[in-house]
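Novice: Got a structure for you, written out below as structure tokens; questions coming shortly.
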Amino acid sequence: MSFHRLAVVLLFALYASILPASSASADYYGEPADLVGRAASVYKGFMADPNMEWFQRNVDQARGIFIVPQMLRGGFIIGGSGGRGVLLAQDSGSGKWSYPAFYSMGSVSLGFQVGADASEIILLIMTDRGLNAMLSTDYKIGADVAVAAGPMGASAKAQTADILAFGRSQGIYGGVSLEGAAISPLDDWNRQYYGKPVQLFDVLINQRWTNAQADPLRQLLPKPGRNAQPIGR
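All the letters of the sequence shown, read from the start, carry residue numbers -26 to -1, 1 to 207 under mature numbering (1 follows the signal peptide of the UniProt record, and there is no 0).
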């Protein structure tokens, strides 16, 4: 077998080995309530992290917050990533936070990459344009709105973007970006959580749907007229 043909065969074998891991990450949470509970824990972690000072000071300015408790990534040459998350929107008038809508997030990136990790990711949706993009049925980060890495550390400078991405990871990974990651609504999970088919606009913008199970998460978010307060600092 020629070197070129062998390389092609190995490439497809590696790609096939990654796909099940990415798919498995999407099914890590058996119930929507599990994902909401884990999202609350991740948010607490961000609010207690000294490296997330800019996030803590400015989360109250966000139009929406998208929390992905576990974004699994892994690969060699081809990297796959996948996870599920919840999006809550803040009413621009009252400051009241909506109940969560469920989404999947995934991407495939190319590059010389070795390793694997599980990251906690939070996207702060800073503008109406960013929030409107999240309301679409299939959205790719960076396609129609400006996205930037969230400022880190006490001396971080303000960023101007529709969406700011913050992440924490314990693994080792190189060459990964959220640019181009696909975000899609999980209609079956939204229906399961609220007991009937729902529209994203009615959950996030009109705030017509509620589920008391999400109240602990919502109560962690900034209250109207008050800045967020770091936890355990």
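By construction, the Cβ of each residue, glycine as well, lies at the ideal position given by its N, Cα and C atoms.
Tell me the residue span of the alpha helix (DSSP H) that contains residue 190.
Specialist: In the DSSP assignment, residue 190 falls within the alpha helix (DSSP H) that extends over 189 to 194.
Novice: Contact defined as beta carbons within less than 8 Å: I believe residue 135 pairs with residue 155. What is the distance between those atoms, to the nearest angstrom?
Specialist: Contact flag wrong, Cβ pair sits at about 15 Å.
Novice: Determine the burial state of residue 180: buried for a count of at least 16 other Cβ atoms within 10 Å of its Cβ, exposed for fewer.
Specialist: exposed
Novice: Using only alpha-carbon positions, find the residue among 64, 9, 197 and 56 that is nearest to residue 175.
Specialist: 64
Novice: Flag this pair as yes or no: are the beta carbons of residue 113 and residue 6 separated by less than 8 Å?
Specialist: Going by C-beta atoms, residue 113 is not nearer than 8 Å to residue 6.
Novice: Give the DSSP-derived three-state secondary structure of residue 94 in the structure shown.
Specialist: strand
Novice: Taking residue 69 and residue 198 to be in contact with their CB atoms under 8 Å, please state how far apart those CB atoms are, rounded to whole angstroms.
Specialist: 3 Å
Novice: Terminal residues of the continuous beta strand (DSSP E) containing residue 267?
Specialist: What is shown of the chain runs -26 to 207, which leaves residue 267 out entirely.
Novice: Less than 8 Å between the C-beta atoms of residue 38 and residue 105, yes or no?
Specialist: yes
Novice: Can you tell me which residues form a DSSP beta bridge with residue 108?
Specialist: Note: residue 108 sits in no beta bridge, so no partner.
Novice: When DSSP labels each residue in this structure, what does residue 100 get in the three-state scheme?
Specialist: coil
Novice: If you follow the beta strand (DSSP E) that residue 139 is in, where does it begin and where does it stop?
Specialist: 137 to 143
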